[in-house]
Every structure is written in structure tokens, then in C-alpha cells.
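Engineer: All letters in the sequence shown, in the order written, are residues 1 to 386 by the UniProt record's numbering.
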Amino acid sequence: MNIGSEVNPPVVHVALSGAEAPAQAVAELVPQLCLNEACFVLIFIPESLVGPAFEAAVSAHLSGVSVFGCTTAGQITPEGYATNTLLALSFPKAHFRCASRIIAPLNPLSIETISEDVRRLDAKFQKTANWNRLALTFADGLSRKEDLLMSALVTGLADIPVFGGSAGDGLEYRETFVLHNGRFTRDAALVLLLETDLDFVGIGFDHFLPTEKQLVITRAIADRRIAEEINGSPAAEEYARLVGCALEDLSPLVFAENPLLVRNNDAYHVRAIQEVLEGQTLSFLSAIDDGLLMTLGTGKEILRTMEEALDLHDGRGVAPEFILGFDCVLRRLEIEQKGMGAAVSEILRNARVLGFNTYGEQHHGVHVNQTFVGVAFFRPRRRELH
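1) Over what stretch of residues does the alpha helix (DSSP H) that includes D199 continue unbroken?
2) To the nearest angstrom, report how far apart H386 and V243 are at their CA atoms.
3) Return the chain-ordered list of same chain residues with a C-beta closer than 6 Å to the C-beta of E307, the five sequence neighbours on each side being excluded.
4) Taking 7 Å as the limit between beta carbons, can you name the residues of its chain near P210, skipping five residues before and five after?
5) Following the continuous beta strand (DSSP E) through S90, name the residue where it begins and the one where it ends.
6) Let me check understanding here. Comparing Cα to Cα, which of L192, A152, L282 and L198 lies closest to S233?
7) Please list, in chain order, all residues of the same chain as S151 whose beta carbon is under 8 Å from its beta carbon, the five residues on each side excluded.
8) Report all residues from its chain with a CB closer than 7 Å to the CB of A319; omit the five preceding and five following residues, and keep chain order.
9) Less than 8 Å between the CB atoms is what I'm expecting for V270 and V368, so what's the real figure, rounded?
10) For N36, does the three-state DSSP call read helix, strand or coil?
11) So if DSSP puts R97 in a beta bridge, which residue, or which two residues, is it bridged to?
12) Quick check on R316: buried or exposed, where buried means 16 or more other Cβ atoms within 10 Å of its Cβ?
13) At the level of alpha carbons, what is the spacing between H207 and I221?
14) Take the Cβ of E248 as the centre, count every other Cβ of all protein chains shown within 10 Å, and call the residue buried at 16 or more, exposed below.
15) Which term fits Q24, buried or exposed, when burial requires 16 or more other beta carbons within 10 angstroms of its beta carbon?
16) Can you tell me whether DSSP reads A272 as helix, strand or coil?
17) In the DSSP assignment, the beta strand (DSSP E) including A73 goes from what residue to what residue?
18) Whose C-beta lies closer than 7 Å to the C-beta of R219 among residues of the same chain, with five residues either side of it excluded?
19) Just mark G18 as buried or exposed, buried being the case when its beta carbon has 16 or more other beta carbons within 10 Å.
20) Going by the DSSP bridge assignment, what does F54 pair with across the sheet?
21) In three-state DSSP terms, what is K124?
22) At a cut of 8 Å, does the stretch 328-344 reach the stretch 118-127 through at least three beta carbon pairs?
23) Can you name, in chain order, every residue of its own chain whose Cβ lies under 6 Å from the Cβ of F125, other than the five neighbours on each side?
24) I believe I103 touches V353 by the beta-carbon criterion, under 8 Å. Please report the beta-carbon distance rounded to the nearest angstrom.
25) Please check the pair V344 and G74, which I expect to be a contact at CB under 8 Å, by giving their CB distance rounded to whole angstroms.
26) Could you check whether the Cβ of V41 sits closer than 9 Å to any Cβ belonging to chain C?
27) Mind checking N36: buried by the 16 CB within 10 Å criterion, or exposed?
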């Protein structure tokens, strides 16, 4: 499948496979991709396909092209939300150039080392006149290091915008991987520095508003993102009281519908709860610490929020060629539990969104949760004047 038109060459090629065997799944991608024209291929991988057999299939069928990607908590295909579907995007040389870096391990993480490393990557990546630069990052979604990683990347890449998503593992939260040159790595992050002749704009939105209910993390294990106490009480017990449910009824859906927000200037960002641990402690998907002031959030209308946010046009009134999207798995969980999956898939399909469901999102130098982050790519005006 090509995203383009008969007049203009495709700006991305799309391939899908629902095969359960890794070798068959990768083989089915090849006829759908124009590999001789590819600068690089991004693959978003269901956790069921992870392993040496997948790596061997990539080596056998996609040799000669740079292959990157990560495991996911779901995919966003040309038809909308999907599960257990292998999704590949081939970015043609006509529109893209790429340099990559794998950062491993993430534990421990040195902001100074990573900043200098990506600064050198940018300096060595020869610039093309009138082309634009951006960076993509895909990180181990269980590393608990995305906040520090973003600080390092923003410091090192200066005015180059960075967008990304944390790798997932369905709803299992056991092990996540990034894929660099066809090889799986855990406790790692992938950085792709892209140059493109396409115009682009970053997107970031959620569907929550702050309530009047505020709380303080009074005891935390910061390096593990665990809250032991909220407002001086056991964390899970106090959270359940604030949202008005029984302690035993806490679930991923309750967390998705009642997020905790942190204020950053005039904006609020979600710090999502992952699960309840022993001792009524709460595990988070973003950084927390002692004394952190948080606000309980309440939902806005999901469908309208998404439809309005993805209704994008450039200065000529032209819609994007496609949107590379990173959508939090907790958003998808809430959407599907409320029976809105088909409606949201239609919105994603109409907006030409391609991407995956994440364990966290990176936007404007911040690691966030329960947010849609993306990059909308537009056909540049100068190519239409020929």
C-alpha cells in the first residue's frame, strides 16, 4: 500500500501481515514494500513475534536496507487499531535520509554522555539544502528512564524536535524491545535522526481536564517510579478514596479514566498509574518523587477531542500525506472498554494515521502518558510547482 497519489510519488509504503509465524509474517511484508527505493524501514511488532526467528527472517528477507522499530501494545494500521498485526513502513530515499544510534544500556543512564553522542550524530549527518530535520526515539517501555532520556536528547539535539513512543508488550508489562538494524535489544533506546523534504508539524493531545482534587506524593521510591504514600496514607487506598471506588476495584480501566496530572506552566501532563503492587503501593509509567503535587483528572469527550486534533491542514488547506502516531495503550483501553474502538479507528483511518500503541509518549522534551503524540507530514509546496 502506498501513501501518495498518481501525480506525486509515494511518501511512505505500508505493509501488513497477520501471520503467526515470524518467518511467514516478515516474508509477507516484502511484496508490499518497494525496498529498492527505501531509505529505511520501520516495523512495529506484536510481542508474539519477538525472538531469534524474527531476527533471522528480517536478515533473510530485508537484507540491504536499514530496519528499525520496536515491540508494541497494539498497532495503528491504515484501517485503524489492530492487534497482533505486523506493521511495516518503508520511507523512500526520494523524501528521507536517516542516521541512527542505539543507546544501551539505559540503566545506568548518563545525560552528559548521551547528549554528546547525539550531538556528534547530528554534526556528522551531512545537511541537505532546504530539507528539514527531526528526531524519533523508541525506548524500552519498562526501563523507567524515558524522562532522563528526553532531557539528554533535547540537550544534545538543541533545536531539532524530538517525538517518540515507548515500546510495549501488550498489557503484560513483562519485557519490551527496540529493533536496531534488525536485532532486538532490551534496556535500550533507538534514536533516528531524519532529514526530509516534506513539511511536518508535531501533534500532542489528551482528553483530560484537571479537577479540584489535589494530592501529594508523600513517600516514593523514585528510581522505581513507585508511590508508597499519597497524602500520608497508603498510596492505593488514598487514590481509591479520591476516585470514589473500593480498593479491590482498582484496575487499568479505573486508572485510565481517572489519571493523575502534573502541571507544567499552563499545561497539564498525565503521569499514568501502571498497577497496584503489594503493600498498597502504586507503580507509575512516568517519573514521580517525594513532594510531587498532582491533580486528579477527569475526561473530556474522547471522539470529539481526537477528531478535532487530527483535523489538520497546511497553509494551502491541504491535509497531511500521513501522520506517524504514538497513542498510549491506556487511551486505547478506555476507548475499547467504552465500545468506541470502531469509531476511533474510523477517525484514525480518515486522518491517515500509522503507528502503534505505547507505554508512554515523548513530545516537546517531556515524557508523558495517556497522550497521542505524532508527526504530520505534508507535501511541500515547491514540489507541486513543477
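Where is the CB? At the ideal position from N, CA and C, for every residue including glycine.
Structural biologist: Reading it off the structure:
1) Careful: D199 lies outside any alpha helix (DSSP H), inside the beta strand (DSSP E) at D199 to F205.
2) Low local confidence applies: a pLDDT of 38 at H386 is under 50, so the model's placement there is unreliable, with the coordinate-based value given in what follows. Distance between the alpha carbons of H386 and V243: 59 Å.
3) I347
4) L261, Y268, T295 and G297
5) L86 to P92
6) L282
7) I111 and G365
8) L312 and H313
9) 6 Å
10) helix
11) E195
12) exposed
13) 29 Å
14) exposed
15) exposed
16) coil
17) Element bounds for A73: n/a, residue is neither H nor E.
18) E228, E229 and D290
19) exposed
20) The partner list for F54 (beta bridge, DSSP) is empty, contrary to what the question assumes.
21) helix
22) no
23) A99 and L193
24) Wrong, their Cβ atoms sit about 27 Å apart, outside the cutoff.
25) In fact, because the Cβ distance is near 12 Å, the residues do not count as touching under 8 Å.
26) Chain labels in this structure do not include chain C; a single protein chain is all it has.
27) exposed
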